[in-house]
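Here this note's numbering is used: the first residue of the sequence shown is 1, the next is one more, and so on.
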Amino acid sequence: MTTTLDPGVVLAPMAGITNRPFRRLCREAGAGVYVSEMITARAFLEGSERTDRLIAFDEDETPRSMQLYSVDPGVLARTVEIIRADDLADHIDLNFGCPVRKVTRKGGGAALPWKLDLYAELVEAAVTNAGELPVTVKMRMGIDGDHLTYVDAGEIAARAGVTWVALHARTASQYYGGHADWDAIARLKDHLAPYGTPVLGNGDIWTASDATDMQARTGCDGVVVGRGCLGRPWLFGQLADARAGRPIRPDPGVDEVARTYRRHAQLLVDAFGEHIGCREIRKHHAWYFKGFRVGSEVRQGLGRVASLAEIDALLARIEPGQQADPQVVAAPRGRTNGDRTVTLPDGWLSSRSVGLRRQELAAAEIDASGG
Ligand SMILES: Cc1cc2nc3c(=O)[nH]c(=O)nc-3n(C[C@H](O)[C@H](O)[C@H](O)COP(=O)(O)O)c2cc1C
Numbered sequence: 001m002t003t004t005l006d007p008g009v010v011l012a013p014m015a016g017i018t019n020r021p022f023r024r025l026c027r028e029a030g031a032g033v034y035v036s037e038m039i040t041a042r043a044f045l046e047g048s049e050r051t052d053r054l055i056a057f058d059e060d061e062t063p064r065s066m067q068l069y070s071v072d073p074g075v076l077a078r079t080v081e082i083i084r085a086d087d088l089a090d091h092i093d094l095n096f097g098c099p100v101r102k103v104t105r106k107g108g109g110a111a112l113p114w115k116l117d118l119y120a121e122l123v124e125a126a127v128t129n130a131g132e133l134p135v136t137v138k139m140r141m142g143i144d145g146d147h148l149t150y151v152d153a154g155e156i157a158a159r160a161g162v163t164w165v166a167l168h169a170r171t172a173s174q175y176y177g178g179h180a181d182w183d184a185i186a187r188l189k190d191h192l193a194p195y196g197t198p199v200l201g202n203g204d205i206w207t208a209s210d211a212t213d214m215q216a217r218t219g220c221d222g223v224v225v226g227r228g229c230l231g232r233p234w235l236f237g238q239l240a241d242a243r244a245g246r247p248i249r250p251d252p253g254v255d256e257v258a259r260t261y262r263r264h265a266q267l268l269v270d271a272f273g274e275h276i277g278c279r280e281i282r283k284h285h286a287w288y289f290k291g292f293r294v295g296s297e298v299r300q301g302l303g304r305v306a307s308l309a310e311i312d313a314l315l316a317r318i319e320p321g322q323q324a325d326p327q328v329v330a331a332p333r334g335r336t337n338g339d340r341t342v343t344l345p346d347g348w349l350s351s352r353s354v355g356l357r358r359q360e361l362a363a364a365e366i367d368a369s370g371g
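Following this line, the structure appears as structure tokens:
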């Protein structure tokens, strides 16, 4: 069955965050495409309890968007073929943006599109084996300012027939620092215009009006939102307001924030059990309660909760009725560190062709963990 994907608003895949419970919260708030945590094609084929968790979707989740990462066209082809044949997802997103050292130093992640031949084979392997399933590509601008890949990689993806190209407008060396270069999104949009392939912009959308600004400045067809929704799944409701031209609903006060946080914890516990669920919710409390007066004992307690009962007791100690501060809400959150030298395999930059280096690349798929 063909899935029609609306490129307007997409939840950026985030390892350790965009699991089934978080996607549900986002989905309930707004409308869009909510992408899973990344899974490597090799891990998919090998199968494990962890893999099963990563590829699980809610029964009413539609479209079921799965992000895959692979450095091996054969492995990717088999994976996509199984996903299609067994009806495991409605959409496949390919990740070519990981800046993490242990991945780039083997030639994977954001280093991979430098090798145009291998990159093209990967995209083609996915599109060919996906049948009617839409395949999309997510990438960074390149390795660093002197080694940009996004224009070539975008064009190759468009020629291969992807449904959209999403650009995180930073290089791997920028990591999460500085500002995303929205002009690069505009350049890619212009470059892909002859193919009619939609371009989605990603990077530094903290509020719904940032999304409107990005679209106005770049002409992009949609936005991909990552860190801005950490502790703020209702951002997707605000994005829906902005798209519909309605007044944007305000950020909730502390009482509603606490209710959403509590529901997030409950969904995690329902999905993974109380032990893992409580461990998972620990990473979210600082984002949810950013800018509110919450005593240090309560904050510390939320950072080590082990049961829903403990959460309830701690939430009861938060002073009710506090309003959100729009400036705090709009400030960057999550990873913001930047500027690093990208570690690559020896001689990686000397040729744009992968040549005989495919074997050493296989190691780049082990332990890859996101974005
Ligand atoms: C904790 C975290 C995990 C991430 N994991 C992934 C991932 O698995 N796959 C991916 O393509 N990008 C990943 N990313 C990158 C985001 O999808 C997104 O491109 C990036 O955060 C920039 O968008 P933003 O400025 O809206 O946050 C991750 C980012 C963060 C902060």
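From the three backbone atoms N, C-alpha and C, an ideal C-beta is built for every residue, glycine too.
Predicted model only: the values in this text are computed from it and were never measured.
Starting from G222, trace the beta strand (DSSP E) in both directions and tell me its first and last residue.
Bounds of the beta strand (DSSP E) holding G222 are 222-225.
Check each candidate in A130, L94, D93 and name the one with the smallest Cα separation from D86.
Closest option to D86, judged by alpha-carbon separation, among A130, L94, D93: A130.
Cβ-heavy atom distance between K290 and ligand 1 below 8 Å?
Proximity of the beta carbon of K290 to ligand 1 is not indicated: no heavy atom of the ligand is located closer than 8 Å.
Would you give the residue range spanned by the beta strand (DSSP E) that K138 belongs to?
Annotation for K138: the continuous beta strand (DSSP E) segment containing it runs 135-144.
How about the stretch 5-15 and the stretch 29-44: do they share at least three Cβ pairs that are nearer than 8 Å?
Using a Cβ-Cβ distance cut-off of 8 Å, the stretch 5-15 and the stretch 29-44 are in contact, since at least three pairs of beta carbons, one from each stretch, lie closer than that value.
Can you tell me which residues form a DSSP beta bridge with Y69?
Residue pairing by DSSP places Y69 opposite T40 in a beta bridge.
Span of the beta strand (DSSP E), counted from its first residue to its last, around W164:
Looking at the DSSP string, the run of the beta strand (DSSP E) that includes W164 is 164-171.
Let me check understanding here. Comparing Cα to Cα, which of V225, T197, D221, D190 lies closest to I205?
It is V225.
Under the three-state reduction of DSSP, which class applies to F96: helix, strand or coil?
DSSP places F96 in strand when its eight states are reduced to three.
Do the stretch 249-261 and the stretch 35-42 meet, that is, are 3 or more Cβ pairs less than 8 Å apart?
Output reads no: the stretch 35-42 does not touch the stretch 249-261.
DSSP on G201, reduced to helix/strand/coil?
When secondary structure is reduced to three states using DSSP, G201 falls in the strand class.
Contact defined as beta carbons within less than 8 Å: I believe V135 pairs with L94. What is the distance between those atoms, to the nearest angstrom?
Contact holds; Cβ gap of about 7 Å.
Which same chain residues end up closer than 6 Å to G201 when comparing Cβ atoms and leaving out the 5 residues on each side of it in sequence?
The residues are I185, M214, T218, C220, V223.
Which residue wins for smallest C-alpha separation from R356, given the options Y69, L118, T79, S65?
Arg is not the amino acid found at residue 356; the sequence shown has Leu there. Considering only alpha carbons, the answer is L118.
Taking the beta carbon of T341 as the centre, do at least 16 other beta carbons fall within 10 Å, making it buried, or is it exposed?
Exposed is the call here.
In DSSP terms, what H284 is bridged to:
Residue pairing by DSSP places H284 in no beta bridge whatsoever.
Starting from L54 and walking both ways along the alpha helix (DSSP H), at which residues does that stretch end?
Annotation: the continuous alpha helix (DSSP H) that includes L54 extends over 49-54.
Can you tell me whether A180 sits near ligand 1, meaning its C-beta is under 8 Å from at least one heavy atom of the ligand?
Relative to ligand 1, A180 has its C-beta within less than 8 Å of a heavy atom.
Contact test: G97 Cβ vs ligand 1 heavy atom, cutoff 8 Å:
Answer for G97: yes, Cβ within range of ligand 1.
Excluding sequence positions up to five away, which residues of its chain have a Cβ less than 7 Å from the Cβ of D241?
So the qualifying residues of the chain are A208, P247, I248, R249.
With a 10 Å radius around its C-beta and 16 neighbouring C-beta atoms as the bar for buried, classify E132 as buried or exposed.
Burial call: exposed.
Out of A271, T62, L76, which one is the CA nearest neighbour of L68?
The option with the nearest alpha carbon to L68 is L76.
Can you round the beta-carbon distance between G231 and D339 to whole angstroms, since I take them to be within the 8 Å contact cut?
About 26 Å; that fails the 8 Å criterion.
Please say whether G47 and P345 have beta carbons closer to each other than 9 Å?
Not closer than 9 Å, so no.
Sequence-distant residues of the same chain with beta carbon closer than 8 Å to R299, five excluded per side
Spatial neighbours of R299 in its own chain (CB-CB distance under 8 Å, excluding positions within 5 residues in sequence) are listed in chain order as H285, A286, F289.
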